[in-house]
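Participant: Sequential numbering from 10 applies to the sequence shown in the working numbering.
Glycine included, every Cβ here is placed at the ideal spot set by N, Cα and C.
Following this message is one structure expressed as structure tokens.
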Amino acid sequence: MSILQNVKDLVRSRSIHVSYVDVGSCNGCDIEVLACLAPRYDIEQYGIYVHNNPREADVLLVVGAFTPGWEEKLKGLWNKIPEPKAAIAIGNCPISGCVFDRRGSYVDPPVAKHIPIAAEVPGCPPRPTEILQAILSIRDSVFAEWEVKRK
10 MSILQNVKDL
20 VRSRSIHVSY
30 VDVGSCNGCD
40 IEVLACLAPR
50 YDIEQYGIYV
60 HNNPREADVL
70 LVVGAFTPGW
80 EEKLKGLWNK
90 IPEPKAAIAI
100 GNCPISGCVF
110 DRRGSYVDPP
120 VAKHIPIAAE
130 VPGCPPRPTE
140 ILQAILSIRD
150 SVFAEWEVKR
160 K
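Here it is as structure tokens:
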């Protein structure tokens, strides 16, 4: 194993790297996820870092009302995330379809039918503190094997 890989493993063992995808929403949940990055909530103080590249992420945050056009794209993103990994559904739309789940609509809830979801954060939109709590709540379950492998 290279020195660079050892450093990466050490850093990753103590932090969570998230990537988020909007599969079609009103952007209310997007704003709340971005509010987590602001100084008031400052998720980086908890060791949570946001990446645009899913290959560097441990957790995928999914926001928005899922439509069939996203099926292959979302599975592709999910497959790019290295193990161990988890996904969190943020907001009512990926959980139930919310106001978009009507007869004859193109919305296909829940996202859990398409990728495994480790936690759900209900709300329209949920508060940044609830999003932060969900990410922190899955930390131990996602990284339990990671710590064992390192020792």
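#1: Between the Cα of residue 118 and the Cα atoms of 87, 92, 78 and 39, which residue gives the shortest distance?
#2: Does the distance from the C-beta atom of residue 120 to that of residue 109 stay below 7 Å?
#3: At the level of alpha carbons, what is the spacing between residue 8 and residue 12?
#4: How many Å lie between residue 134 and residue 122 at the Cα?
#5: Enumerated in chain order, which unbroken segments of the beta strand (DSSP E) with a length of 3 residues or greater are wholly contained in the region 100 to 136?
#6: With the cut-off set at 7 Å, would you say residue 57 and residue 144 are in Cβ contact?
Facilitator: In short, the structure shows the following:
#1: Per the Cα distances, 78.
#2: A distance of 7 Å or more separates the beta carbons of residue 120 and residue 109.
#3: Coverage of the chain is limited to positions 10 through 160, which leaves residue 8 absent and any answer about it impossible.
#4: One C-alpha to the other measures close to 21 Å.
#5: Qualifying beta strand (DSSP E) stretches, in chain order: 128 to 130.
#6: When the beta-carbon positions are compared, residue 57 and residue 144 come within less than 7 Å of each other.
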